[in-house]
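Chains as they are written, first to last, in the UniProt record's numbering: chain A, 1 to 481; chain S, 1 to 481; chain P, 1 to 481; chain Y, 1 to 481.
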């Protein structure tokens, strides 16, 4: 959308006009159905009374009672271009009217052009020829990348990944996702990753600068290759036990942790020296969340594989995909049918994604996102100065973090306070300039005490101001609770 | 759509009006891009020059040159209600205009109502309370079902599945999919299923009736539980090594093989006697493909878990899901976050699926599909009588099969002839009643010699007649090749 | 020993002279210690009051109270040459006096000569060069063979094995041993074998001769290679998912089941056609138990790997080993340190084994064993005619079986009766010719209802007569119980 | 033996009197046979011309040419009581004459008394009731301990172990042994351990004292339990992903690395806090090698499981075993047949072990070993002062280490020099006091540059002096090479 600001002075849009009789009765009916017929396993709604939304626009979500909620998480960064973005919505409708369906063994124009756009961009940036491969859902693209890597390494199936890392919930993705809680009830994981510490400076080794800590983390990893008895390397044959290292340049679920600039250069050198591929998971941070198409572009290395998803369709279709270097993905080594799913390059998804890619090419998202992100971060830093419960704030582009801590030391993680904030945000009773708002927040972090901010890239400065004001109120409220 | 017949007399629709200058140049441009930038790993286009389509309606696909292709596979049974079905397309557009996006930790009306419709239907049919769980893509729903089963069995991770069975291409789904080719290049699969023979009567044991053969297959399976030394059962503790049996009621990729009616009753009894769950994969056969919402309804057993996908949105969104018995999926045993994906119950998908479910409830699909299927099968039987290359025809509802064999014995599988048919079908030069048509066919079967027919359930009798005529021509042409 | 017969007329030997005061007190003391300090996990003593033995000679075990027990199982076929065999005991003592210890990275004469004897014998019989590799304990040799096979197949780690098969209790050996009970409490086994039915004719398909049933079993196995969708074979690349088939020529723990003569020829052809190795486990049946050095010699095929143990030292040392074809085991492909254990070719073990091999070369064990075995089997057949509880008897050389069944049909397996026989045998109150005897029996079989007879190869005809008489009494006694 | 010193003045014993004609011809014959018929996979003889020994006594090995070799490795610490120890050799001969064989489902006195001795000792030292379980070979005992742990943890099969750790070469033991070289050619290891750094101070973090470094290593490990996202711990349920930590108190193959005294106390606390068992592998360091029956006794913690082997029979029989706390191993939780092997408590092995245990109880091995070890270490420290190639020396009891480095910095590991030393030691041309000697040395260490010294505990002071003199000569020789 052109400017989210206008919305601040308008009522909630018509699309969500209330049902004639009673919103409350309808809501109770739905919640009762949900309690009886819906699995809770596919959700993360840990609250007792989950929220029902019925409309959205720009940076706002709406409920049936006319409440408006400023959204600072945008479907976990899947809707970078604002809810109900007219240009992208129209692209979807156009495709519905031309070619809504086509079996994936046949081709359609949008898929081809989308793949070409992404591959050419990578070639220009990284100097590497490559190809693009589609699927649906980030986790399936991660699975595809695992197949790429296992195929390229003669069947090696062990991977490195980061503590704090998150790559999805299929069995294969759970094996390389750090949290043991995601594996605990599901039996044995014979391909469980070896998890390596991420340079999380705020909670890392004391007495080191951020850059020193990054270098320290690289050295700790490099130590594994010192001898065969460190467990992962056979110096006699120059073979590693691990096929690839799965990387989120900024940790997503891990709490939007931003590593030092030197970190990935050091890490990639160790990997290259030992024949280990680097797979970069851009599912959450891709598509200009951090001010670059791929967040890894900030860190001076060329990935071997990129996995993407979420915002590629602005949340209008579960399209995902993989870019890989030609040597890994060319049809000779990775032939037809290596992986496949019915909807892998479905025409509705590719059409929206193609339009989104064109949109990103037409506007200078890089400048805009970096400027807005810096503006937002200044606001957060001011909040940190005023609130003892804010232990740390940081940001890269529009990926921002607020680490909530116990006020006595501004360091002890406080999941308690963050949970309270989310509940309070849902009440839609924060007031500013005579208007009432709710706040949609997302929680992340190793200790579930980080507010991970993924606002719409299209957010206006006035909306950023509003966000800071509402967070200020919220922090005051919960600190006194 | 009301009647596919009308289309037979109309030109290709406007939506696919040709580009001004040259279709051929445009096609060449696209194919060149595809050759350079697209992975072939995500496709099954084994042909040298893959086909580009640009429009579709009802039972027909169109290319830029104005050719029309009668489609007898409907995106592998994902588009049961015809291409560009107006009612469903409109439902999608309506949702775009109301709530196109919402993070999956919040609720929206369509998700809840869709889950309730499916669960209530199952309760009515099977007398079992249960719940519904969503994801994107059939393979992810299969992964979710694996997590359900592993959770319910205290972490057991070994499964039975059928020879000829297909459940997807994630690593977890590949482990329970029979074909070794899908695993060969990807390292070790520590949860590889134990594959059990499916009662594929045409190629099964000689000298038995179909029912006798079904019973024989059940007995062969039951034999495994005779003693601890048969390898899967500890009689001392009444524990099985295997947690579940993954079942396609009709094999899909395996060649639309239809088992004897008594088979699943016998199988389920063995499973129940040994505490092994039955997971029914309805991804390809669900949503009235066989004349029932779920194809397992034909076979007299109550599944423990149903996995669905494909046609639930008529191909407009990669929505998939799982229904499971309450004891397996209630929030106490399968709590929030047991599995999760960003798009798992995305509002565009659930809105279309909800409309599709309503549509199925309003019309008598069961009668209609069984009648059309029987009509189609009579046509196929007539073809079998006339063509020696047809070894077997069969069908249940609108899931039909033609097994192509070498003409000398009408038994030796002929992948060669089927490949030729597919290529010839793409040429769009079959003629009848003065019009030219192409044919879109799909190949399946253990030996890749089966034409698996999944025509639109909305197909008219005239279109069925047309299909038989075109197949007749095609068979004659390849038999002489 | 020259003739076991002499022993029948002599008292229990001096070595087991009783302790001065009370045998019963001493026994009670020991059983109390055992109950408190001994794990029961390493035993198979399922009886409430385990038996303590204190002496042995020839075919007899003795207890402290002067009871004598005719042993028909000889430590599960580990003591083929009779207890306390003077020649072998002396060989052990000689080695104690020369080189009792030497680190395994150095060589000693006995190891080299033993390896050479075995390898030259194999070369003469099979026309295949090969090498010998030592370890301690049969299961460790099985583990070594798994490493040989995995190494030779580029890391494939899945194996075929037989229902009813037994190869040991390490985790790796348990994965290829059929009984699920041996795996149940120990978590996931990611290399669990695919178990194939063994041609167990007595309990197999009805209406087929033994040879027809063998051929049927081969055909059932061959069926797995018919298409990629049978799950184990990729016809496009000619690659199998399985690296080897683990075979006991006669099943040991499975109940001394003897396959038809044509069986392994057919099986080996299928394996050779698909690049799958045959590993023959001779741990229980080797060293003339069946009248040949290796029992596989009866069946007309050349194994790729032979695993041996038990009787190679007549029970005086846990030496085991592997013979493999040169292409699998030569130092280039299987270099120093591929596997290793401290005691792998310990000098005491190799010295005894070398003497045992010489002994076998000097006497005509083949003729002797086949003759005695036939004589013993005739006795068993006579017992079968007279006792309804005997369902089946069979034998090859001195590996004999009696399958105990319920008397009403002489077919329903009766573990109950066999357990009773073992307990009664321990009472040492069977009488014949005015003397009292116990009987030491071993139980095997899928249903634990088979008496597996592995008498000393040195047993005299008089001792065989005695065995038949004692069994006759025992059968009568339990049938009336 | 009483005093090894006498041997220094006597010729090689009679047992190795030369063969009548030519030692060299006989040796050539044997080496030719070995090259043709012996697998090299079961050895670690990496030298081109492996050494053949033919006699041994006390601390000496002999060859056929009358050369004597002072042995400083004693079969990798399997022969703690000196080669050909008369008392133990006689115990073995006595057992040969009484009960040389008995099937393991029956009992014999020596097994019971041996188990009781070990269990009572542990109860006295650790205040923990427990039981003993036998097997053959250290790796099989390690496998048994894995089954104990997996059984006790409801099937969890992941383990922690140390970088530099070694637990054997079966597949299961290889999975918890650090070196990747031992796994590389053998396919996937789905239970590969998570390897944790051992406090190897000489090559560890700089600027810390040994105790500080031990504490640092504990803290690095404890860090893994800080949140669920560190990957191994679910704080919500208090469940760890790992069942046990496998520990060598001193690393064996890893180079006889001695940890700081505080290390295991800190480590055990972390483990206890998170429900993770500690399995102590005493295979190499047990039986007074370090001056205590179990080396873990030096470190102030009570293990949950102890695994032993090697020296328990002084190298006369491959007996091994496991002691475990009652709660892990009592017959209710770990019933008969949980694991089993034919030779698991073979009477020859248990009889020798029982005598060895009695011997250790009769003499004050603790005082003697600590005194001799300190004397030996003083000699090594003097060598370090004089030889730049000696980077580090250390010792605990008679487990001693010399780390050989490049002379320019006395730190860079020099495998080259150590290999040269071993070859030179075999030449038997070191001279002192007019006599010629060889030296038998063993190599260990992460970089294969450590001489790991495991001399006979019965060594005399004169023999220690001799060892220092010979090492001095050897170091001078290779430093000039």
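We put the CB at the ideal spot given by N, CA and C, even for glycine.
* Just the C-alpha distance for residue 132/Y and residue 120/Y, rounded to the nearest angstrom, thanks. => Taking the straight line joining both Cα atoms gives about 10 Å.
* Asked: Whose CA, out of 392/A, 429/A and 141/A, lies closest to the CA of residue 413/A?
  -> Per the Cα distances, 392/A.
* Cβ-based neighbour list, residue 232/S, same chain, cut-off 8 Å, excluding 5 preceding and 5 following -> 194, 224, 225, 240, 241 and 242
* Asked: Beta carbon of residue 152/S, beta carbon of residue 333/S: below 8 Å?
  -> yes
* **Nearest-angstrom beta carbon gap, residue 181/P and residue 228/S [assumed within contact, 8 Å]** => 5 Å
* **Residues that residue 337/P contacts on chain A, provided the C-beta gap is smaller than 7 Å** => None at all; the shortest Cβ gap to chain A is about 11 Å.
* To do: Starting from residue 239/A, follow its DSSP beta bridges and name the residues at the other end.
  => 234/A
* **Neighbouring residues, chain S, relative to residue 446/P (Cβ below 9 Å)** => 226, 227, 228, 229 and 230
* To do: Please name the residue, chosen from 118/Y, 477/Y and 265/Y, that lies closest to residue 431/Y on a Cα-to-Cα basis.
  => 477/Y
* **For residue 57/P, the nearest candidate out of 40/P, 81/P and 141/P (CA to CA)** => It is 81/P.
* Asked: Going by beta carbon distance, what residues of the same chain come within less than 6 Å of residue 238/A, once the five residues before and after it are set aside?
  -> none
* Asked: So with Cβ pairs under 8 Å, would you call residue 236/P a contact of chain S?
  -> yes
* Is it right to say residue 49/A is buried, meaning 16 or more other beta carbons lie within 10 angstroms of its own, or is it exposed? -> exposed
* Asked: When the Cα atoms are used, what is the spatial distance from residue 167/Y to residue 173/P?
  -> Computed Cα separation, rounded: 18 Å.
* the region 180-207 of chain Y: positions lying closer than 7 Å to chain S by Cβ -> Flagged, chain order: 187, 188 and 190.
* Pull up the distance between the alpha-carbon of residue 354/P and that of residue 313/P, whole angstroms please. => Residue 354/P and residue 313/P have their C-alpha atoms some 8 Å from each other.
* **Reduced DSSP category for residue 201/P - H, G, I as helix; E, B as strand; rest coil** => helix
* Asked: How is the beta strand (DSSP E) around residue 161/A delimited, first residue to last?
  -> 159-162
* Is the region 360-370 of chain P close to the region 250-261 of chain P, with three or more CB pairs under 8 Å? -> no
* Note down, in chain order, each residue of its chain lying with its Cβ closer than 6 Å to the Cβ of residue 454/P, except the 5 sequence neighbours on either side. => 73, 74 and 77
* Asked: Got a sec? Which residues, its chain only, sit under 7 Å from residue 399/S by beta carbon, not counting five neighbours each side?
  -> Answer for residue 399/S: 250, 256, 285, 289, 290 and 454, listed in chain order.
* To do: Report yes if the CB atom of residue 30/P is closer than 8 Å to the CB atom of residue 184/Y, and no otherwise.
  => It is not a contact, given that the beta carbons lie outside the stated cut-off.
* To do: Could you tell me if residue 95/S is buried or exposed, where buried requires 16 or more neighbouring beta carbons within 10 angstroms of its beta carbon?
  => Counting other Cβ atoms within 10 Å of its Cβ, residue 95/S reaches 16 or more and is therefore classed as buried.
* Contact check, residue 160/S vs residue 246/S, beta carbons under 8 Å -> yes
* To do: Select from the region 148-167 of chain A all residues with a C-beta closer than 7 Å to any C-beta belonging to chain P, and list them in chain order.
  => 155
* To do: Rank 116/S, 169/S, 117/S and 372/S by C-alpha distance to the C-alpha of residue 142/A and give the top, closest one.
  => 169/S
* Quick one: what's residue 493/P bridged to in DSSP? -> Here chain P comprises residues numbered 1 to 481, so residue 493/P is not present and cannot be evaluated.
* **Simplified DSSP state of residue 11/A, which is helix, strand or coil** => Residue placement at residue 11/A is flagged as unreliable, the pLDDT there being 44, under the threshold of 50; the coordinate-derived value follows with that caveat. The answer is coil: DSSP assigns residue 11/A none of H, G, I, E or B.
* Whole-angstrom C-beta distance between residue 328/S and residue 305/S, which should lie under 8 Å -> 7 Å
* Asked: What are the partner residues of residue 323/Y, as DSSP defines its beta bridges?
  -> 132/Y and 306/Y
* Asked: What residue range is occupied by the uninterrupted beta strand (DSSP E) comprising residue 299/Y?
  -> Segment: none, residue 299/Y is in no beta strand (DSSP E) and carries neither H nor E.
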